[in-house]
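Convert by adding 2 to the 1-based position in the sequence shown; the result is the number in the working numbering. All residues carry an ideal CB built from backbone N, CA and C; glycine is no exception. Taking it in order: structure first as structure tokens, then the write-up.
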Amino acid sequence: MATNLRTIAPHTSLPEIESLMVTYDVGRLPVLEGDRLVGIVTRTDVLRQVGQQSASAYRESHHPAHLTRPPILGNLVERLAPQLREILAIAAHQAEERGWHLYLVGGAVRDLLLADTDEWVIITDIDLVVDGYHRSADVGAGVELARSLQSLYPKVRLDIHGKFQTAALLWHKDPIFDSLWVDIATARTEFYPYPAANPEVEASSIHQDLYRRDFTINALALRLTQPRSGELLDFFGGILDLQSQQIRVLHTHSFVEDPTRIYRAVRFAVRLGFEIEPQTEASIRHAIASGIYEQVQNRQTAGRVSAPALQTRLKSELKHILQAPYWKAALQKLADLEALRCIHSTLSLDDSLAWQLRSLDRWLRCLDPRQTIPHWQLLLEGLIAHLQPGDRATVAQNLQLSSESHDRLTQLEAVQSHLIENLPRCDRPSQRAKLLKPYDFAMLMLIAAQSPRPTRRQIWRYLTVWSQIKPTITGRELQQLGYKPGPKFRQILDDLWAATLDGQVNDRPQAEAYLAEHYPQQND
Ligand code: CTP
């Protein structure tokens, strides 16, 4: 039962009706006058009408150009940077020689269509699909094409993966592209043996290959081979959705089959400034209400095979979102859809978590502008840290976070209580600094984000001031002053550092005076 019915009005023209039926693959169009249902037009009505007209006269006079034949947008490929065009032309030629069709598919076509036509489009992630002319290409076609391309570009790395072989060519540190991925697959269909399973695949046609994809705007293909190279295949209304800025799934089970698509829908909607089309949003809510995530998590705990792969895909989507400039809006949208339950059934974005993440982000941008640690990873840890302490390690493990992240999340509660309890007991900066020193930058950032103001202040002071203060005398200088290296050395240096933090020692003469008073040399 669809709620986003395609409807027409009494004055809708025949070509428009045909266009709607073809684009949205609907067989019946209710006719509305205002809010009132006044009739219905079926496919048979259209056929009868078309049959009565002379086909050629009809086509010439009425048929919308994009329906007469699929659009040939020769200039679409022209929008790509010339070097990229050259690679695609060579790949297309190689495919033609073997009697195959080659298509540019997925995000690259979408981005080409959305691109500003005045500038060349730089795409660093290209997806190609090989298909046969009259019947599906052999499973190994994509790999064969990749091998043949690699023989022409010997410096390029070739990876072949998967049971259903796909090949990836990588131009790494290339003087022209810097880095370019070209994935080549053979047209295939995917089956999901049960909800949220890993898809099983088999060779198929380009139409089926596109139908297995997530959204209409990602299910467009641009033919690169002759004849009709430059033809745009749009079986599911992708161009209309690009024009009306809608994220629309191809079928209502899409999110049940692959829950990470919920994150993708939100990512594309926020990134492109599109709306999630109402029926698609309803499908997302339905998938979440059906408890799909709990099933995934239970499967994970039960050790079923597919869950780790699903969690890896989820982590990769979270990474995409959390490292994008629009992460706050995306997270809010995910929370509105209750999709954070995918990470853990109790996770939601309340005001305090939203505040903590914004604060974490501000601190990271200020204190680690060069991203010595990946900021998305700490934001993800910040999200997980909002869970009950007992649940944090499980989620970190499910998402296969690094062992450092896992350890931080496991130790967070104890370290935080230790600091909140002991920091107020310290009188001097050196005592506070010593208390904070054992913990790494990332741990302190997580604790700061979650802690009350006084603790945050001390951590900020430690990170910006105290940890930056260098001892007034180095170990080497200590030796030159006659102190013998040994276990006491570290203690002398630590004491000097503490005295500097507390303002007792500000320069070299004061440091020497401090040493003479507290560590007089026996032999002198
Ligand atoms: N795809 C899908 N379902 C997924 C992931 C990917 O159907 N869960 C399909 C889509 O057709 C998508 C293509 O695989 O366009 C390539 O995926 P990806 O590279 O992740 O996305 P892009 O669309 O290329 O977008 P981006 O610009 O973010 O890389």
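**Request:** Check THR466 in the structure and name its three-state DSSP category.
**Result:** Counting from one through the sequence shown, the residue named residue 466 turns up at place 464. THR466 falls in the helix class under three-state DSSP.
**Buried/exposed call for ALA148, threshold 16 Cβ in 10 Å** = Counting from one through the sequence shown, the residue named residue 148 turns up at place 146. Buried, since its Cβ has 16 or more Cβ neighbours within 10 Å.
**Request:** Quick one: which unbroken alpha helix (DSSP H) runs of 4-plus residues sit fully inside the stretch 273-343? Chain order, please.
**Result:** 280-291, 294-303, 308-324 and 329-338
**Request:** If I'm right that TYR265 touches LEU336 with Cβ under 8 Å, what's the distance once you round it to whole angstroms?
**Result:** Translated into the one-based positions of the sequence shown, residue 265 becomes position 263. Translated into the one-based positions of the sequence shown, residue 336 becomes position 334. About 7 Å; that satisfies the 8 Å criterion.
**Message:** Are the CB atoms of ASN220 and GLY108 within a distance shorter than 8 Å?
**Reply:** Residue numbering aside, residue 108 sits at position 106 when the sequence shown is read from its first letter. Residue numbering aside, residue 220 sits at position 218 when the sequence shown is read from its first letter. Yes, these two residues count as a Cβ contact at 8 Å.
**Message:** If contact is defined by three or more beta carbon pairs under 8 Å, each pair taking one atom from either stretch, is the stretch 239-254 in contact with the stretch 267-284?
**Reply:** yes
**Request:** Measure from the C-beta of HIS255 to each C-beta in chain C and report whether the shortest distance is under 8 Å.
**Result:** Here there is only one protein chain, and chain C is not present.
**Request:** Report yes if the C-beta of ASN508 is less than 7 Å from at least one heavy atom of the ligand CTP; otherwise report no.
**Result:** Here residue 508 refers to the residue found at position 506 when the sequence shown is read from its first residue. ASN508: no, Cβ never under 7 Å from the ligand CTP.
**Message:** Between which residues of its own chain and SER292 is the CB-CB distance below 7 Å, once the five residues before and five after are set aside?
**Reply:** Counting from one through the sequence shown, the residue named residue 292 turns up at place 290. Once the five neighbours on either side are set aside, the close Cβ partners of SER292 are VAL258.
**Asked** Can you give the Cα-Cα distance for GLY41 and LEU104, rounded to whole angstroms?
**Response** Walking along the sequence shown from the start, residue 41 turns up at place 39. Walking along the sequence shown from the start, residue 104 turns up at place 102. The straight-line gap from Cα to Cα measures roughly 44 Å.
**Prompt:** Which residues in the same chain as LEU114 place their Cβ atom closer than 6 Å to its Cβ, once the five residues preceding and following it in sequence are excluded?
**Reply:** Position 112 of the sequence shown, counted from the first residue, corresponds to residue 114. Closer than 6 Å at the Cβ level, and outside the excluded window around LEU114, lie LEU78, ARG81 and VAL123.
**Request:** Report yes if the CB atom of LEU90 is closer than 8 Å to the CB atom of LEU226, and no otherwise.
**Result:** Mapped onto the sequence shown, residue 90 falls at position 88. Mapped onto the sequence shown, residue 226 falls at position 224. Closer than 8 Å, so yes.
**Prompt:** Just to confirm, does ARG250 get its C-beta within under 7 Å of one of the non-hydrogen atoms of the ligand CTP?
**Reply:** Translated into the one-based positions of the sequence shown, residue 250 becomes position 248. ARG250 Cβ: outside cutoff for every heavy atom of the ligand CTP.
**Asked** Roughly how many angstroms lie between the CA atoms of ASP353 and ARG430, to the nearest whole one?
**Response** For this step, residue 353 is matched to residue 351 along the sequence shown. For this step, residue 430 is matched to residue 428 along the sequence shown. Going from the Cα of ASP353 to the Cα of ARG430 covers about 34 Å.
**Request:** Whole angstroms is fine: what's the gap from ALA57's alpha carbon to VAL28's?
**Result:** Residue 57 sits at position 55 when you count from the first residue of the sequence shown. Residue 28 sits at position 26 when you count from the first residue of the sequence shown. In this prediction, ALA57 scores a pLDDT of 39, lower than 50, which makes its location untrustworthy; the coordinate-derived value is nonetheless stated afterwards. Each residue's Cα considered, the two are about 22 Å apart.
**Item:** Continuous alpha helix (DSSP H) stretch holding ILE178: start and end
**Value:** For this step, residue 178 is matched to residue 176 along the sequence shown. No alpha helix (DSSP H) holds ILE178; DSSP gives it neither H nor E.
**Asked** Would a C-beta distance cut-off of 8 Å place LEU2 and LEU244 closer than the cut-off?
**Response** For the chain, the structure presents residues 3 to 526; residue 2 sits outside this window and is missing.
**Prompt:** Starting from TRP365 and walking both ways along the alpha helix (DSSP H), at which residues does that stretch end?
**Reply:** The sequence position of residue 365 within the sequence shown is 363, counting from 1. Per DSSP, TRP365 belongs to the alpha helix (DSSP H) from 353-369.
**Prompt:** In chain order, which alpha helix (DSSP H) runs of at least 4 residues are fully inside the stretch 430-483?
**Reply:** 431-438, 443-452, 455-466 and 477-482
**Asked** Hey, out of ALA187, TYR516 and ALA93, whose CA is closest to LEU154's CA?
**Response** Translated into positions along the sequence shown, residue 154 becomes position 152. The candidate whose alpha carbon is nearest that of LEU154 is ALA93.
**Request:** Leaving aside the five residues before and after LYS317 along the sequence, list all residues of the same chain whose C-beta is less than 7 Å from its C-beta, in chain order.
**Result:** Numbered from 1 along the sequence shown, position 315 holds the residue referred to as residue 317. Once the five neighbours on either side are set aside, the close Cβ partners of LYS317 are LEU401 and GLN402.
**Message:** Assuming contact is defined by CB atoms lying nearer than 8 Å, are ARG287 and LEU339 in contact in what I supplied?
**Reply:** By 1-based counting over the sequence shown, the position of residue 287 is 285. By 1-based counting over the sequence shown, the position of residue 339 is 337. Yes, the pair counts as a contact, with Cβ atoms nearer than the cut-off.
**Item:** Beta-carbon gap between GLN96 and SER150 smaller than 8 Å
**Value:** Start at 1 with the first residue of the sequence shown, and residue 96 comes out as number 94. Start at 1 with the first residue of the sequence shown, and residue 150 comes out as number 148. Yes.
**Asked** In the DSSP assignment, what residue or residues form a beta bridge with TRP102?
**Response** For the purposes of this step, residue 102 is identified with residue 100 of the sequence shown, where counting begins at 1. Bridge partners of TRP102: GLY134.
**Prompt:** Counting only runs that start and end within the stretch 220-284, where is the alpha helix (DSSP H) found for 4 or more residues in a row?
**Reply:** 240-245, 256-259 and 262-274
**Closer than 7 Å: GLY240 CB and nearest the ligand CTP heavy atom** = Position 238 of the sequence shown, counted from the start, is the residue given in the question as residue 240. No, the ligand CTP has no heavy atom inside 7 Å of this Cβ.
**Prompt:** Applying the criterion that 16 or more other CB atoms from any shown protein chain within 10 Å of the CB defines a buried residue, is VAL131 buried or exposed?
**Reply:** In the sequence shown, counting from the first residue as 1, residue 131 sits at position 129. The residue is buried, with at least 16 neighbouring Cβ atoms inside 10 Å.
**Prompt:** Does DSSP classify THR396 as helix, strand or coil?
**Reply:** Here residue 396 is taken as the residue at index 394 of the sequence shown, counted from 1. THR396: helix per DSSP, three-state reduction.
**Item:** Option in VAL158, TRP329, ASP260 and LEU362 with minimal Cα separation from CYS344
**Value:** The residue labelled residue 344 in the question sits at position 342 within the sequence shown. Residue ASP260 is the option with its Cα nearest to CYS344.
**Asked** How would you label GLU88, buried or exposed, when you count the other beta carbons within 10 angstroms and need 16 or more for buried?
**Response** For the purposes of this step, residue 88 is identified with residue 86 of the sequence shown, where counting begins at 1. Classification of GLU88: exposed, given that the 10 Å Cβ count is below 16.
**Request:** Please list, in chain order, all residues of the same chain as ALA395 whose beta carbon is under 7 Å from its beta carbon, the five residues on each side excluded.
**Result:** Within the sequence shown, numbered from 1, the residue matching residue 395 stands at position 393. Correct list, in chain order: HIS408, LEU411 and THR412.
**Asked** To which residues of the same chain is ALA451 closer than 7 Å at the C-beta, ignoring the five residues directly before and after it?
**Response** In the sequence shown, residue 451 corresponds to position 449, counting from 1. Closer than 7 Å at Cβ, skipping near neighbours: GLN358, SER361, LEU362 and GLY384.
**Item:** Distance, VAL417 Cα to VAL111 Cα
**Value:** Taking the first residue of the sequence shown as 1, we reach residue 111 at position 109. Taking the first residue of the sequence shown as 1, we reach residue 417 at position 415. Cα to Cα, VAL111 sits roughly 50 Å from VAL417.
**Message:** Residues in the same chain with beta-carbon distance under 8 Å from GLN512, minus the five sequence neighbours each way, listed in chain order, please.
**Reply:** Locating residue 512 in the sequence shown gives position 510, where the first residue counts as 1. Hits under 8 Å: THR474 and GLN506.
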